[in-house]
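Numbering (the numbering used here), first residue to last: 1032 to 1694.
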């Protein structure tokens, strides 16, 4: 009993010692959920508690077996010597008791081995305590290093985040800068295009102004010629009026002097007036022909000028193509370009209105010239008809005058003959009376009568002679007029021929003039058609200019703010670059520290590997020990491997090392 008590005391002392070791061991205290993990610490405590419970159960089994042995021994003592059956029972009980003793011995040996193993385990636990102390210190250092690494990581992440923000801001600013540069380039290119188009339009306008000036000069010259012709026509009309007045006065005088020659004189005056009109018309036609020649020459000169201007425009376009990249650039010219474009529009509209008015005037002039030409044609035809009629009238007049002269001559001859016969009769009567007895008295009477008749006859003869002289004068005047009429008719024929030639020339010139006018109208229509795309381009350019003005009006107030923002961004970028340089230096120092920490971790890993090798040796040695102890050591080894895995987890990866080394 004493032995069993001692054994139970020793077992309880061992169990209490193991429990104290479990409770007081710093390693097991350190296996808290805050330090490593709650589950793994609980499992190890559960394993040790399970071993303690098994040991306690074995103690209870030994105590119960001892009690059974004591009871059996009591029964054996009580039943000893009673009967044979009791002896058999005793033998059986002794066998059972011996078996129980053997079991107790086995259990004691197991207990002893367990106690020895527990002692070894305690020694190993002391070693493990030391190892775990070192591991705890390493863990603390590792945790501090982890904290430092996390702080460094956080700093690096903040730096990277700041760098990313700075990069994003820099990229956004670069994009804004590129957008602004592209918009400025676009505006500059649009401005250059507008300047080029403005220069082209100005050159075209200058050429058109020159053409307009030439046309206005030619139109002025034509107006001057027309006014000169009008003045000449007015002078001719005044002269005609004066001549008509003179002719009317002469007609009145001729009518007063001689009523018989009124018709002839009137016709002669009409012929003279027609001749004067023809002369005036011929002069007008000559002036028109000269004006037409001048207009044709001026048109040819204008065509030459237009050809020269076209060549000059081509040369200017070539020069413009060569010089279009050398124009100055300025944003302040946009308003001026818009104003000039409006002025160009107004000038173009005025030019168009002037061209239309000139076209109308030229068409009116052409119509007036055509009307004048038609009038001249009609007058020429009338003159031809009159000239065809004039010779017949003059012949009739000459025939009438000749007949009258013949009749007058016959009458004068008859009167002379009668006078001679009367004179002869009177002389015969006078001679007879002289020879008669009453001759003296009769002769005196006859003498008186003859004197009276003589005076009468002489007066009559004088009157007849005067009439004859007047008729001779009239005949001479009529002959002169006839010669003048013949000469005039010859002149009229030559004038008609020249008029026909001039009419033909005028017709040809008019046709040429019409063709040139048609060509000019076609050219004007073509120019108008050519101007239409220019006007459209101008409208588009004006719209573009308005849009650019709007954009510039929007951008101009933003330019100082954008410049300020750019300056701020540049300052921020410079500060960020300085921060990045400082962060790079910090990252380099952190990389060096991390490299040193990695060296320390490698050293710790080497120490852990040595410790794990020692534990492995201990595990190999303890393989022959009972299963409970083996399980505890395997769990310890698993725990150590878990700790290794935890350390490996907290190691920085290669990508992170590269990231930390890359800046």
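For glycine and all other residues, C-beta sits at the position ideal for the given N, C-alpha and C.
Quick caveat, the model's predicted, so the values are computed rather than measured.
{"Query": "Closer than 7 Å by C-beta to residue 1217: which residues in its own chain qualify, once you throw out the five before and the five after it? Chain order, please.", "Result": "none"}
{"Query": "Considering only C-alpha positions, which residue in the set 1221, 1532, 1265, 1619 is nearest to residue 1574?", "Result": "1221"}
{"Query": "Return the CA-CA distance between residue 1189 and residue 1207, expressed in angstroms with no decimal places.", "Result": "26 Å"}
{"Query": "Would residue 1168 be called buried (16 or more neighbouring beta carbons within 10 Å of its own) or exposed?", "Result": "exposed"}
{"Query": "Would you report the Cα separation of residue 1269 and residue 1543, rounded to the nearest angstrom?", "Result": "33 Å"}
{"Query": "Should residue 1199 be flagged as near chain B, meaning a C-beta pair shorter than 8 Å?", "Result": "The structure shown contains no chain B; it holds only a single protein chain."}
{"Query": "Rounded to whole angstroms, what's the CA-CA distance from residue 1158 to residue 1626? Just pull it up for me.", "Result": "31 Å"}
{"Query": "Would you kindly check if the distance between the Cβ of residue 1084 and the Cβ of residue 1138 is under 8 Å?", "Result": "no"}
{"Query": "Using a 10 Å radius around the Cβ and a threshold of 16 neighbouring Cβ atoms, would you call residue 1176 buried or exposed?", "Result": "buried"}
{"Query": "Relative to the C-alpha of residue 1129, which candidate in 1143, 1142, 1101, 1209 has its C-alpha closest?", "Result": "1101"}
{"Query": "When we look at the beta-carbon of residue 1182 and count the other beta-carbons within 10 Å, is it buried (16 or more) or exposed?", "Result": "exposed"}
{"Query": "With 16 as the cutoff for other CB atoms within 10 Å, does residue 1539 come out buried or exposed?", "Result": "exposed"}
{"Query": "Is it buried or exposed, residue 1185, if we count other Cβ atoms within 10 angstroms and call 16 or more buried?", "Result": "exposed"}
{"Query": "Give me the Cα-Cα distance between residue 1248 and residue 1242, rounded to the nearest whole angstrom.", "Result": "10 Å"}
{"Query": "Does the beta-carbon of residue 1173 have 16 or more other beta-carbons within 10 angstroms, so that it is buried, or is it exposed?", "Result": "buried"}
{"Query": "Alpha carbon to alpha carbon, how far is residue 1532 from residue 1227?", "Result": "55 Å"}
{"Query": "What separation, rounded to the nearest whole angstrom, lies between the Cα atoms of residue 1630 and residue 1147?", "Result": "41 Å"}
{"Query": "Could you give the distance in angstroms between the alpha-carbon of residue 1563 and the alpha-carbon of residue 1258?", "Result": "36 Å"}
{"Query": "Using CA coordinates, which residue listed in 1252, 1093, 1245 is at the minimum distance from residue 1143?", "Result": "1093"}
{"Query": "Quick check on residue 1058: does DSSP put it in helix, strand or coil?", "Result": "With a pLDDT of only 41 at residue 1058, under the threshold of 50, the placement of this residue in the model should not be trusted, and no figure is reported."}
{"Query": "Could you compute how far the alpha carbon of residue 1187 sits from the alpha carbon of residue 1623?", "Result": "14 Å"}
{"Query": "Looking only at C-alpha atoms, which of 1620, 1238, 1195 sits nearest to residue 1180?", "Result": "1620"}
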